[in-house]
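A short worksheet on the structure shown next.
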Amino acid sequence: MTLTDYLPVYRIRLRTERLELRLPDLDDLVALADQAAAGVHDPDFMPFVVPWTECEPLERGRRTLLHQMSVIAGITPERWMLPLVVLHDGEIVGIQEVGAADIKATREASTGSWLGRAHHGKGIGTEMRAAVLDFVFTGLGADFALSASFEGNGPSEGVSRKLGYKADGIDHKVLNGVRRQDNRWRLSREDWEAHRKHEVAIEGLDAEALAMLGLGGAEG
């Protein structure tokens, strides 16, 4: 038996013109932790609901490793999150998450992501989101994709608008004792198709992987 026999979702690969997205092994997680340790955002603006980056580089990398391992360990057909590492020219540059709860009924999935600061401003954020949107709509047959970004997070909002998302209301979150506005974004299948610009190849999304994600029949 191999890893993919036990965890069929590890067969999944998403490929675009420049990028490959896949679930990480331990070596991938170390490379991802290195990106986190080097910094993922402007220190003057916290983009995350949980301020996990507010620590020293070594601890930031450690948190990244432990969190992503716990996310993978928590995958069930009813509720799951896939933390896909993003490779550009063979280097892990960040992570693109996609997750859902009861997707067979809700037909919607949510996304989140971050990139190492050295890789900002190169269009990678848009391309990796486009890859996972193809996975959501083409691979999983969903009707909607959801995202959110704090008010003032121009890059994230820009990616959402570029890919066809529409504003979907607001939430308020408290971060370090301060109220922050969290803007919700929703992308329909129709708007995705109208704004689709990247060619995406989906590999390994077979019946066993779909079953692990709550789709495609009963688990064996």
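Once you know that position 131 of the sequence shown is 131 in this note's numbering, the rest is easy, because the numbers rise by one and skip nothing. Beta carbons: idealized from backbone N, C-alpha and C, even for Gly. Note that this is a predicted model, so its numbers are computed, not measured.
How many whole angstroms separate the CB atoms of residue 118 and residue 38, which I take to be in contact at a CB cut-off of 8 Å? Residue numbering aside, residue 118 sits at position 118 when the sequence shown is read from its first letter. Residue numbering aside, residue 38 sits at position 38 when the sequence shown is read from its first letter. Indeed, because the Cβ distance is near 7 Å, the residues count as touching under 8 Å.
Inter-residue Cα distance where the pair is residue 216 and residue 210: Translated into the one-based positions of the sequence shown, residue 216 becomes position 216. Translated into the one-based positions of the sequence shown, residue 210 becomes position 210. Their Cα atoms are separated by approximately 5 Å.
What is the rounded straight-line gap between the Cα of residue 120 and the Cα of residue 41? One-based indexing of the sequence shown puts residue 120 at position 120. One-based indexing of the sequence shown puts residue 41 at position 41. Cα-Cα distance, rounded: 9 Å.
Cα-Cα separation, residue 28 to residue 44: Sequence index remark: in the sequence shown, residue 28 carries index 28 (1-based). Sequence index remark: in the sequence shown, residue 44 carries index 44 (1-based). Distance between the alpha carbons of residue 28 and residue 44 is about 28 Å.
Could you check what DSSP says for residue 222 in three-state terms: helix, strand or coil? As shown, the chain starts at 1 and ends at 220. That puts residue 222 outside it, with no answer to give.
Residue 130 by DSSP, collapsed to three states: which one? Translated into positions along the sequence shown, residue 130 becomes position 130. Taken through DSSP and simplified to helix, strand or coil, residue 130 comes out as helix.
Unbroken alpha helix (DSSP H) runs of length 4 or more, entirely within the region 25-105: which are they? The region 25-105 contains these whole alpha helix (DSSP H) runs: 26-38 and 57-73.
Assign residue 221 to buried or exposed, taking buried as 16 or more other Cβ atoms, counted over all protein chains shown, within 10 Å of its Cβ. The question about residue 221 has no answer, for the chain in this structure spans 1 to 220.
Could you name the residues of the same chain whose beta carbon sits closer than 6 Å to that of residue 87, not counting the 5 residues immediately before and after it, in chain order? The residue you call residue 87 lines up with position 87 of the sequence shown. Same-chain partners within the cutoff: 20.
Same chain, Cβ closer than 7 Å to residue 148, neighbours up to 5 away in sequence not counted: Position 148 of the sequence shown, counted from the start, is the residue given in the question as residue 148. Only 182, 183, 184 and 185 meet the Cβ criterion.
Below 6 Å CB to CB, which residues in the same chain sit around residue 191 once its five sequence neighbours on both sides are set aside? Counting from one through the sequence shown, the residue named residue 191 turns up at place 191. Contacts found: 164.
Supposed contact pair residue 23 and residue 82 - C-beta distance, whole angstroms, cut 8 Å: Walking along the sequence shown from the start, residue 82 turns up at place 82. Walking along the sequence shown from the start, residue 23 turns up at place 23. So it is a contact: roughly 6 Å between Cβ atoms.
Given this structure, state the Cα-to-Cα distance separating residue 36 from residue 104, to the nearest angstrom. For the purposes of this step, residue 36 is identified with residue 36 of the sequence shown, where counting begins at 1. For the purposes of this step, residue 104 is identified with residue 104 of the sequence shown, where counting begins at 1. In a straight line, the C-alpha of residue 36 is about 34 Å away from that of residue 104.
Compute the Euclidean distance between the alpha carbons of residue 70 and residue 9, then round it to the nearest angstrom. For the purposes of this step, residue 70 is taken as residue 70 along the sequence shown, with counting starting at 1. For the purposes of this step, residue 9 is taken as residue 9 along the sequence shown, with counting starting at 1. Those two C-alpha atoms are separated by around 15 Å.
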